[in-house]
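**Student:** Going by full-length UniProt numbering, the first residue of the sequence shown is number 1, and it counts up by one from there.
Using N, Cα and C, we set each Cβ at its ideal position, and we do this for glycine too.
My questions will all concern the structure given below.
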Amino acid sequence: MEGIEIVFLWHAVASWTWDAQDETCGICRMAFDGCCPDCKLPGDDCPLIWGACNHAFHLHCILKWINSQTPQAHCPMCRREWQFKE
Ligand SMILES: [Zn+2]
Ligand SMILES: [Zn+2]
Ligand SMILES: [Zn+2]
């Protein structure tokens with residue numbers, strides 16, 4: 001019985017998580033099904049954003065990162081030149 005319950009809970013949680021490659025943001029290390037440290041509630045107000053390199057981050061995290069990396073930002077994960085995915 002206990003095993004069935006755990007599987008059910010896992011599915012319930014997985015159904016509303018973001019469809020992301022990695023489960024945590026590479027900048028703030030917070031889970032993608034949560035929000036960045038600057039936000040209180042996960043969801044549309046704290047969206048995920050993908051780069052051309054296919055790494056995903058919280059929008060707020062990557063914006064802060066880009067602003068600290070002027071003039072050219074690089075992906076914190078793979079160090080490729082950062083571009084937002086079209
Ligand atoms: Zn983040
Ligand atoms: Zn945020
Ligand atoms: Zn990358």
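1) Taking R79 as the reference, which of D44, A52, K64 and K40 has the closest Cα?
2) Please classify F57 as buried or exposed, where buried requires at least 16 other C-beta atoms within 10 Å of its C-beta.
3) Quick one: does the C-beta of C36 sit closer than 7 Å to a heavy atom of ligand 1?
4) Which residue wins for smallest C-alpha separation from L63, given the options K40, C28 and T24?
5) Report the CB separation of C36 from H55 in whole angstroms; it is logged as a contact under 8 Å.
**Tutor:** The relevant details are as follows:
1) Locating residue 79 in the sequence shown gives position 79, where the first residue counts as 1. Considering only alpha carbons, the answer is A52.
2) As a working note, residue 57 is residue 57 in the sequence shown. Classification for F57: buried.
3) Your numbering for residue 36 matches position 36 in the sequence shown. Checking every heavy atom of ligand 1 against the Cβ of C36, one is found closer than 7 Å.
4) Against the sequence shown, residue 63 aligns to sequence position 63. Closest by alpha carbon: C28.
5) Taking the sequence shown and counting its residues from 1, the one referred to as residue 36 is at position 36. Taking the sequence shown and counting its residues from 1, the one referred to as residue 55 is at position 55. With a Cβ gap of about 15 Å, C36 and H55 do not count as contacting.
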